[in-house]
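Asks: Next up is a structure, given as structure tokens.
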């Protein structure tokens, strides 16, 4: 079974917190043990310093260490005298006297004399008495354990600036006293409880936090389901400027694009149906009139039928060209071309037609140097022919068309500027929309289904150029085309 993202986030946050808490717990456990051991060693080092002062005072009084060799009990008495005051004060005097007397009696019964080979009564190896040793100036043992480890640090004992002995203490390597172990265990238990509470708090925080993080994702997923079902008007609320907010903005942009595309598709289908229905209705009416005997199947009827068939054929051809552009199947055989002769040939092929309509056609082309672009000459010829034919159809008789070519360093600029009639700025923005026709002078009565300029736009964009429609200073429309020069292509 797949875990929901909410629970995966929860487990991820809990695992991360658990790892941090575990590391902290282990480090604190180690730190408590090591720190407390260092603390105990520091306390014992201070006790050694006090014992050294007591021994130096005793040596100054006795004049030698023989008093300790003869009576080992005094060694333990001196050691006991260095206990912290709070520990000494905690023991009643009578009890201390009894303890010291009992220790002396034990030493006497066991026959301890001044022989250095004899040892004091055994103590636990971890006790302070068992780890402190007194040596004379010749490094011979006076009191303490018989074996002296090499790692023990010796402290000099002096009398009148003369070294009279050495006092050493073997540091603890681990805690062994019961009360010390109990203290460390209590601290470790407290740390374990704190770690457990931290994990519980983390779990209590992580689940609502995971819910909060997943909530916008769930809303976005629900909106995506509605969008996939065709509800392109679906929008989501844009949150903060983070990744989810950017995703919401991208979703709204996608939904808006899909909504516009759907509207364009419906309008496209409706317009195509309308454009096809008109010539088909005319053909059907004329054929039915001939069948009913209303009209004769003479040359005039045939010319009318042929005219509608040609019009329908042009419409179907234009639709086919646009569909090829949409699917990227329109073939382009590009090569280095000089734009000057291409444009000159197109203008030359329309000269007689413009003269017949009484329109002045002027071409301003550079002659000093070629204007080379990387293009398909056939498609460019189609582009220029469509634009010239469009101007021929819609420009009033007695008007003017100026074709101009400017060759710059990185681009070629082609402009076609004709005279009246013109169009409104709102209509200029839609001239390149498919099946769009201006409802005034430039309409279907003059021929065309509003696909020519859409095809022109597709051809220009296929050549990595731009095409725009602007008001012409001559009173009509100015078509502006920019195409990249060969050397400026990436």
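Numbering (this note's numbering), first residue to last: 265 to 754.
Beta carbons: idealized from backbone N, C-alpha and C, even for Gly.
Within its chain, find whatever has a CB closer than 7 Å to the CB of residue 565; leave out the 5 residues flanking it on each side and keep chain order.
Replies: The answer, listed in chain order, is 550, 554 and 559.
Asks: Using a threshold of 8 Å, state whether the C-beta atoms of residue 717 and residue 680 are closer than that.
Replies: Against a cut-off of 8 Å, the Cβ pair of residue 680 and residue 717 comes out as no contact.
Asks: Note down the Cα distance separating residue 622 from residue 612, rounded to an integer number of angstroms.
Replies: Spanning the two alpha carbons is a distance of roughly 16 Å.
Asks: In this structure, how does DSSP classify residue 420 when only helix, strand and coil are distinguished?
Replies: Three-state DSSP puts residue 420 in a strand.
Asks: Closest to residue 608 by C-alpha separation, out of 617, 618 and 626, would be which residue?
Replies: If we check each option's Cα against that of residue 608, 626 comes out closest.
Asks: Can you grab the Cα-Cα spacing for the pair residue 570 / residue 615, in whole Å?
Replies: Each residue's alpha carbon lies about 27 Å from the other.
Asks: Between which two residues does the beta strand (DSSP E) holding residue 681 run?
Replies: Per DSSP, residue 681 belongs to the beta strand (DSSP E) from 675 to 683.
Asks: Going by DSSP, name the residue or residues bridged to residue 741.
Replies: Answer is 735.
Asks: Got a sec? Which residues, its chain only, sit under 8 Å from residue 509 by beta carbon, not counting five neighbours each side?
Replies: Excluding residues within five positions, the ones whose Cβ falls inside 8 Å are 502 and 503.
Asks: Below 8 Å on the Cβ atoms is my contact criterion, and I expect residue 675 with residue 746 to pass it. Report the Cβ-Cβ distance as a whole number of Å.
Replies: So it is a contact: roughly 5 Å between Cβ atoms.
Asks: Can you determine whether any heavy atom of the ligand COA sits closer than 7 Å to the C-beta of residue 748, and answer yes or no?
Replies: Ligands are entirely absent from the displayed structure, and the ligand COA is therefore not among its contents.
Asks: Below 8 Å between beta carbons: does that hold for residue 394 and residue 278?
Replies: Going by C-beta atoms, residue 394 is not nearer than 8 Å to residue 278.
Asks: For chain C, is any of its Cβ atoms less than 8 Å away from the one on residue 606?
Replies: Reference to chain C is not applicable here, since this structure consists of a single protein chain.
Asks: For residue 737, which option in 406, 749, 682 and 638 has the closest C-alpha, if you only look at C-alpha atoms?
Replies: That would be 682, whose Cα lies nearest to the Cα of residue 737.
Asks: Out of 639, 720 and 464, which has the shortest C-alpha to C-alpha gap to residue 282?
Replies: Checked all of 639, 720 and 464; the closest Cα to residue 282 is 464.
Asks: Please classify residue 287: does DSSP put it in a helix, a strand, or coil?
Replies: Residue 287: helix per DSSP, three-state reduction.
Asks: Do residue 304 and residue 436 have their C-beta atoms closer together than 8 Å?
Replies: Cβ atoms of residue 304 and residue 436: closer than 8 Å.
Asks: Pull the bridge partners of residue 407 from the DSSP assignment, please.
Replies: BP columns for residue 407 point to 398.
Asks: Taking C-alpha atoms, which residue in 469, 433 and 500 lies nearest to residue 483?
Replies: With distances taken between Cα atoms, residue 483 lies closest to 500.
Asks: With DSSP as the reference, label residue 749 as helix, strand or coil.
Replies: Looking at residue 749 - three-state DSSP - the assignment turns out to be strand.
Asks: For residue 655, report the span of its alpha helix (DSSP H) as first-last.
Replies: Note, residue 655: alpha helix (DSSP H), 641 to 658.
Asks: At what residues does the alpha helix (DSSP H) containing residue 716 begin and finish?
Replies: It spans 716 to 726 - the alpha helix (DSSP H) in which residue 716 sits, taken as one unbroken run.
Asks: Please state whether DSSP places residue 458 in a helix, a strand or coil.
Replies: Looking at residue 458 - three-state DSSP - the assignment turns out to be helix.
Asks: Determine the DSSP secondary structure at residue 323, reduced to helix, strand or coil.
Replies: Helix, per DSSP.
Asks: For residue 470, I'd like the list of residues in its chain whose CB is within less than 6 Å of its CB, leaving aside the five on either flank, ordered along the chain.
Replies: Excluding sequence neighbours, residue 470 sits near 274, 277 and 278.
Asks: How long is the line joining the alpha carbons of residue 545 and residue 552, rounded to whole angstroms?
Replies: So the alpha carbons of these two residues sit roughly 10 Å apart.
Asks: Between which two residues does the beta strand (DSSP E) containing residue 433 stretch?
Replies: It spans 426 to 433 - the beta strand (DSSP E) in which residue 433 sits, taken as one unbroken run.
Asks: Is it true that the CB of residue 648 sits closer than 8 Å to the CB of residue 610?
Replies: Result yes, Cβ atoms of residue 610 and residue 648 sit closer than 8 Å.
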